[in-house]
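Read through the structure below, which is laid out as structure tokens, and then see the notes.
In the numbering used here, the protein residues as written are 34 to 641.
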């Protein structure tokens with residue numbers, strides 16, 4: 034504030050990184066003019082003027098409401114007139130909260146406020162080069178401020194961003210056994226390429242996600258188990274027949290293949306991971322609306338206490354991130370604001386998923402909509418550790434069929450439907466060999482089937498989903514909601530070494546352990562106390578001489594390819610070697626380098 038008797042002619046704004054997002058307001062009631070110097074620019078401050086400066090992402094001061102900019106009406110736009118604001122601490126935000134307002138002797142109460150789950154989102158990030166150096170352009174990985182900005186756009190109480198060290202592969206082994214050292218033989222593109230699909234996405238991204246659930250092995254070409262709000266987001270580039278190709282512009286099922294990470298591409302591809310399709314909401318739900326209509330809101334930056342308008346710079350209303358929208362102004366937030374229509378879809382999606390929780394005895398919590406609280410919840414894993422069998426149309430499933438499957442894996446899922454219908458399903462008698470075995474039957478067939486179990490016949494009807502577990506004496510029916518197989522991480526959010534590779538249970542294709550991954554934040558699980566050495570397993574040797582073993586699936590999930598394995602090891606335990614066993618013989622080994630943890634994790638944009 035400058036005025037007569039308290040006047041200064043010159044003010045200088047210096048550069049300083051500590052000023053990021055700081056604001057300075059200059060106001061003059063003086064008869065004489067003042068001059069504000071910033072960078073190479075100077076503006077005149079005259080009587081009655083107010084000029085607000087913000088220190089932006091480009092490390093410079095900018096005036097955001099000076100008359101020189103009045104050609105752009107946005108600078109004169111306000112969210113609302115004659116209002117006040119306050120901050121309600123998060124510990125007071127809970128279901129059944131009421132807000133009471135008192136003004137000039139009048140009182141009003143706002144109740145029936147719908148408070149949903151305090152969601153969490155985990156984003157794993159890496160930068161990979163397939164037979165070529167990685168791009169080193171993953172700004173969401175490199176710039177913590179971008180983590181903070183994206184946090185402002187989604188309905189989560191905690192946004193965790195983990196980081197993996199860059200991956201530069203000089204040798205690529207495919208799940209069918211092909212080996213590339215110069216380039217892949219096919220042509221690559223932004224949305225295409227063998228290494229894009231089978232290595233970057235299905236192997237690395239799905240492997241990182243799945244290791245966090247304690248699932249040791251899976252099919253080489255299956256999608257991630259989307260059990261929690263978890264996305265692995267990466268830059269990927271590879272050498273193909275047609276040269277060096279950058280991949281991007283793709284998202285969903287726990288993955289995001291990104292060309293650029295400081296614009297709407299992240300808003301859009303992450304949106305696919307939240308269940309939002311292209312053009313979600315259509316013309317109405319996918320566009321921001323005027324203040325007197327539904328689907329209207331501005332983006333609020335809770336760290337810096339300012340609103341970001343829901344329109345383009347020309348004054349037309351902006352679109353949602355799924356509908357071709359863009360950031361209002363990258364100086365304040367590079368990401369696109371979701372419309373309220375999309376926002377509630379994201380909230381509902383998260384509320385139906387588990388979240389990792391160190392406080393929970395099960396390792397997870399889930400929102401209970403009845404009592405409106407996060408409660409301990411088991412994460413059912415049996416369907417993700419199973420061997421799948423599809424009925425052959427017109428043929429019965431015999432006890433020999435099931436004995437053969439149970440010999441490979443004591444967790445079997447049978448699919449029965451139109452065109453793949455078995456009239457009779459014969460379960461072998463319970464015995465010591467199938468003790469603790471799990472058998473699920475999923476039927477969508479229009480025709481009934483007979484289930485022969487425990488010397489009795491049960492009828493299986495359309496849309497039946499049933500489960501039996503052997504105790505060695507009988508097969509016991511289990512309720513669909515009953516937890517059968519789960520794992521509890523013994524530590525969460527610790528630096529990890531992720532061991533990954535391909536292995537062939539048939540020992541026909543040469544198995545391969547990939548170079549170790551080093552991550553800043555992951556979940557770790559106890560090793561298997563009892564190993565069947567006639568089945569594949571991974572052995573990890575530690576610097577102190579201790580050994581841990583991890584059982585792997587004993588069957589090819591895809592008959593044409595090897596399986597993949599993915600195991601998180603606590604980095605502080607210092608693993609030094611990994612051995613892969615088939616038929617109790619080492620088929621591949623790899624030394625594990627003990628590296629100092631150079632990676633940082635952010636929560637809501639802050640380093641932890």
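No residue lacks a Cβ here, since even glycine has one placed at the ideal position from N, Cα and C.
- When secondary structure is reduced to three states using DSSP, residue 466 falls in the helix class.
- Counting of Cβ neighbours within 10 angstroms places residue 244 among the buried residues, the total reaching 16 or more.
- Of all alpha-carbon atoms in 172, 212, 390 and 342, the one lying nearest the alpha-carbon of residue 543 is that of 212.
- Counting of Cβ neighbours within 10 angstroms places residue 68 among the exposed residues, the total staying below 16.
- By the neighbour-count criterion, in which a residue is buried when 16 or more other Cβ atoms sit within 10 angstroms of its Cβ, residue 280 is buried.
- Just so you know, the alpha carbons of residue 227 and residue 568 end up roughly 30 Å apart.
- As computed with DSSP, residue 163 is found in a beta bridge with 202 and 271.
- Here DSSP, grouped into helix, strand and coil, assigns residue 301 to helix.
- Counting along the chain, residue 507 sits inside no alpha helix (DSSP H), nor does DSSP assign it H or E at all.
- Residues 401 of the same chain have their beta carbon placed closer than 6 Å to that of residue 408, with the five preceding and five following residues left out of the count.
- When 89, 250, 548 and 70 are compared, the shortest CA-CA separation from residue 585 is found for 250.
- Nearest in C-alpha terms to residue 246, of all of 413, 422 and 47, is 413.
- Between residue 199 and residue 220, the alpha-carbon positions lie close to 24 Å from each other.
- The C-beta of residue 556 has 16 or more other C-beta atoms within 10 Å across all chains shown, which makes the residue buried.
- The three-state secondary structure of residue 570, taken from DSSP, is strand.
- Between residue 266 and residue 291, the alpha-carbon positions lie close to 7 Å from each other.
- Contact annotation: residue 304 and residue 355 have beta-carbon atoms nearer than 8 Å.
- Residue 419 is classed as buried because its beta carbon has at least 16 other beta carbons within 10 Å across all chains shown.
- Excluding the 5 residues flanking it on each side, residue 160 has same chain C-beta neighbours closer than 6 Å at 167, 171, 199 and 268, in chain order.
- Setting aside the 5 residues that flank it on each side, residue 157 is surrounded in the same chain by 195, 241 and 265, each with a C-beta closer than 6 Å to its C-beta; the list follows chain order.
- By the Cβ-count criterion, residue 316 is exposed, with fewer than 16 other Cβ atoms from all chains shown falling within 10 Å of its own Cβ.
- In the structure shown, residue 230 falls within a helical segment according to DSSP collapsed to helix, strand and coil.
- Contact between residue 248 and residue 163 is absent: CB atoms are separated by about 25 Å, not below the 8 Å threshold.
- Around the beta carbon of residue 386, 16 or more other beta carbons sit within 10 angstroms, so the residue counts as buried.
- Under the DSSP assignment, residue 84 falls in the beta strand (DSSP E) whose first and last residues are 83–88.
- Secondary structure of residue 420 (DSSP, three-state): strand.
- Across the set 253, 54 and 136, the C-alpha of 253 shows the shortest separation from the C-alpha of residue 588.
- Rounded to whole angstroms, the gap between the alpha carbons of residue 611 and residue 503 is 34 Å.
- The count of Cβ pairs closer than 8 Å, one atom from the region 358–377 and one from the region 317–331, reaches three, so the stretches are in contact.
- Residue 210 holds the alpha-carbon nearest to the alpha-carbon of residue 594 among 210, 84, 603 and 531.
- Annotation note: the region 353–395 contains the following uninterrupted alpha helix (DSSP H) runs of length 4 or greater, listed N- to C-terminal: 373–384.
- Taking the C-beta atoms as reference points, residue 424 is found nearer than 8 Å to residue 454.
- With a cutoff of 8 Å on beta-carbon distance, residue 640 and residue 529 are scored as not near each other.
- Collapsing the DSSP output to three states places residue 153 in a strand.
- When the alpha-carbon of residue 394 is set against those of 238, 350 and 520, the nearest one is in 520.
- Relative to residue 434, the option among 131, 515, 369 and 457 whose CA is nearest is 457.
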